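Asks: Residue numbers (full-length UniProt numbering): 1 to 271.
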């Protein structure tokens with residue numbers, strides 16, 4: 001069973017004391033820990049009302065959104081959660097996922113506050129997982145938003161078992177539009193429909209380019225540097241269907257040969 005988690009206001013709920021404790025437990029020096037304390041605790045905010053600034057106030061927890069250091073600090077912050085999951089895996093209280101009989105166990109995937117968990121589709125493991133959530137929330141200040149997570153199971157799980165699991169956890173099933181790090185969480189029977197978002201995103205970019213007066217040299221730059229590179233991220237993990245590739249090529253071809261407000265220009269050479 002795969003469970004996609006959503007942390008409620010993840011960055012705003014970072015407790016500074018817990019972060020510094022994690023850094024010390026992981027072996028960071030006192031000097032480094034003091035630097036991090038200065039980075040997160042010297043922040044001040046001002047409220048802007050009707051164009052006028054009203055004073056400054058200092059927060060007591062949380063890290064800044066948009067700060068390039070924040071995702072790294074949050075990754076260190078969640079090391080306690082990772083350690084707890086690995087501890088439960090080692091005692092067979094939780095069972096992760098094996099992609100092959102000889103492959104290592106994968107219990108979770110984390111990128112900043114985007115988390116995927118893999119456990120056995122059983123009520124005892126779900127109950128143990130909820131207990132881990134409550135423990136982690138109590139010591140770290142984080143909170144798992146159980147209204148947004150979604151889950152998916154293998155075909156070996158019966159509809160009755162699936163209904164019991166979703167009811168116990170209070171989460172819904174993953175749909176065709178669910179993504180993780182910008183890529184589909186599941187590949188459904190229609191691959192063209194699954195990867196339609198690649199074509200739609202490219203079409204949206206091309207519509208934006210058409211609003212600008214680009215020369216042929218400018219078109220060449222955006223096609224090579226952005227248009228042709230746009231599907232590469234999805235292609236690094238999936239094999240895109242040929243229909244999607246043809247449609248993307250067609251969009252780029254129309255954009256290249258179009259002239260001013262005419263959608264279809266004369267195509268002097270085959271694309």
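A virtual CB, placed ideally from N, CA and C, is assigned to each residue, including glycine. Given the structure is predicted, the values throughout are model-derived calculations rather than measurements.
1. Below 6 angstroms CB to CB, which residues in the same chain sit around residue 227 once its five sequence neighbours on both sides are set aside?
2. Quick check on DSSP: helix, strand or coil for residue 15?
3. What do you reckon, are the CB atoms on residue 76 and residue 63 nearer than 8 angstroms?
4. Just the C-alpha distance for residue 185 and residue 1, rounded to the nearest angstrom, thanks.
5. Could you tell me if residue 224 is buried or exposed, where buried requires 16 or more neighbouring beta carbons within 10 angstroms of its beta carbon?
6. Using the Cα positions of residue 115 and residue 108, report the straight-line distance between them to the nearest angstrom.
7. Rounding to the nearest angstrom, what Cα-Cα distance links residue 272 and residue 131 in this structure?
8. Out of 163, 39, 133, 236, state which residue places its alpha-carbon closest to the alpha-carbon of residue 173.
9. If I measure Cβ to Cβ from residue 96 and keep anything under 6 angstroms in the same chain, skipping five residues before and after, which residues do I get?
10. Provide the residue span of the alpha helix (DSSP H) that contains residue 4, from first to last.
11. For the ligand GTP, is there a heavy atom less than 7 angstroms away from the beta-carbon of residue 85?
12. Within a Cβ cutoff of 7 angstroms, which residues of the same chain sit near residue 142, ignoring the five residues on either side of it in sequence?
13. Using a 10 Å radius around the Cβ and a threshold of 16 neighbouring Cβ atoms, would you call residue 40 buried or exposed?
14. Would residue 191 pass as a contact of residue 241 if the rule is Cβ separation under 8 angstroms?
15. Given this structure, state the Cα-to-Cα distance separating residue 234 from residue 187, to the nearest angstrom.
16. Give the single residue among 153, 161, 15, 56 whose Cα lies nearest to the Cα of residue 80.
17. Please report the straight-line C-alpha distance between residue 273 and residue 122, rounded to a whole angstrom.
18. To the nearest angstrom, report how far apart residue 230 and residue 198 are at their CA atoms.
19. Between residue 113 and residue 258, what straight-line distance do the alpha-carbon atoms span, to the nearest angstrom?
20. Thinking residue 44 and residue 28 are a contact (beta carbons under 8 angstroms), I'd like their distance in whole angstroms, please.
21. Taking only the alpha-carbon atoms, compute the straight-line gap between residue 78 and residue 91 and give it to the nearest angstrom.
Replies: Taking the coordinates as given:
1. Start at 1 with the first residue of the chain shown, and residue 227 comes out as number 227. Hits under 6 angstroms: 252.
2. Stepping through the chain shown from its first residue, residue 15 is reached at position 15. Coil.
3. If you number the chain shown from 1, residue 76 lands on position 76. If you number the chain shown from 1, residue 63 lands on position 63. No. Outside cutoff.
4. Looking up residue 185 in the chain shown gives position 185. Looking up residue 1 in the chain shown gives position 1. Straight-line Cα distance between these residues: approximately 13 angstroms.
5. Walking along the chain shown from the start, residue 224 turns up at place 224. The residue is exposed, with fewer than 16 neighbouring Cβ atoms inside 10 Å.
6. Position 115 of the chain shown, counted from the start, is the residue given in the question as residue 115. Position 108 of the chain shown, counted from the start, is the residue given in the question as residue 108. Distance between the alpha carbons of residue 115 and residue 108: 7 angstroms.
7. As shown, the chain starts at 1 and ends at 271. That puts residue 272 outside it, with no answer to give.
8. Start at 1 with the first residue of the chain shown, and residue 173 comes out as number 173. The shortest C-alpha separation from residue 173 is found at 163.
9. If you number the chain shown from 1, residue 96 lands on position 96. If we look at residue 96 and ignore the five residues flanking it on each side, its Cβ neighbours are 89, 105, 106, 107, 118.
10. Within the chain shown, numbered from 1, the residue matching residue 4 stands at position 4. Segment 2-6 is the beta strand (DSSP E) holding residue 4; no alpha helix (DSSP H) there.
11. This structure lacks the ligand GTP; in fact it carries no ligand of any kind.
12. In the chain shown, residue 142 corresponds to position 142, counting from 1. Counting only Cβ-Cβ distances below 7 angstroms, and skipping sequence neighbours, we find 7, 10, 13, 136.
13. On the chain shown, residue 40 is found 40 positions in, with the first residue counted as 1. Looking at its Cβ environment, which holds 16 or more other Cβ atoms inside 10 Å, residue 40 is buried.
14. Taking the first residue of the chain shown as 1, we reach residue 191 at position 191. Taking the first residue of the chain shown as 1, we reach residue 241 at position 241. Contact: yes.
15. For the purposes of this step, residue 234 is identified with residue 234 of the chain shown, where counting begins at 1. For the purposes of this step, residue 187 is identified with residue 187 of the chain shown, where counting begins at 1. Answer to the nearest angstrom: the Cα atoms are 12 angstroms apart.
16. Taking the first residue of the chain shown as position 1, residue 80 is located at position 80. When each option's Cα is compared against that of residue 80, the closest is 15.
17. Because residue 273 is not part of the residues shown, which for the chain are 1 to 271, the question remains open.
18. For the purposes of this step, residue 230 is taken as residue 230 along the chain shown, with counting starting at 1. For the purposes of this step, residue 198 is taken as residue 198 along the chain shown, with counting starting at 1. Cα-Cα distance, rounded: 8 angstroms.
19. As a first step, residue 113 must be located in the chain shown, where it is residue number 113. As a first step, residue 258 must be located in the chain shown, where it is residue number 258. So the alpha carbons of these two residues sit roughly 42 angstroms apart.
20. Reading the chain shown from its first residue, position 44 is the one you call residue 44. Reading the chain shown from its first residue, position 28 is the one you call residue 28. Between residue 28 and residue 44 the Cβ distance is about 25 angstroms, and since that is not below 8 angstroms, they are no contact.
21. Translated into positions along the chain shown, residue 78 becomes position 78. Translated into positions along the chain shown, residue 91 becomes position 91. Rounded to the nearest angstrom, the two C-alpha atoms are 21 angstroms apart.
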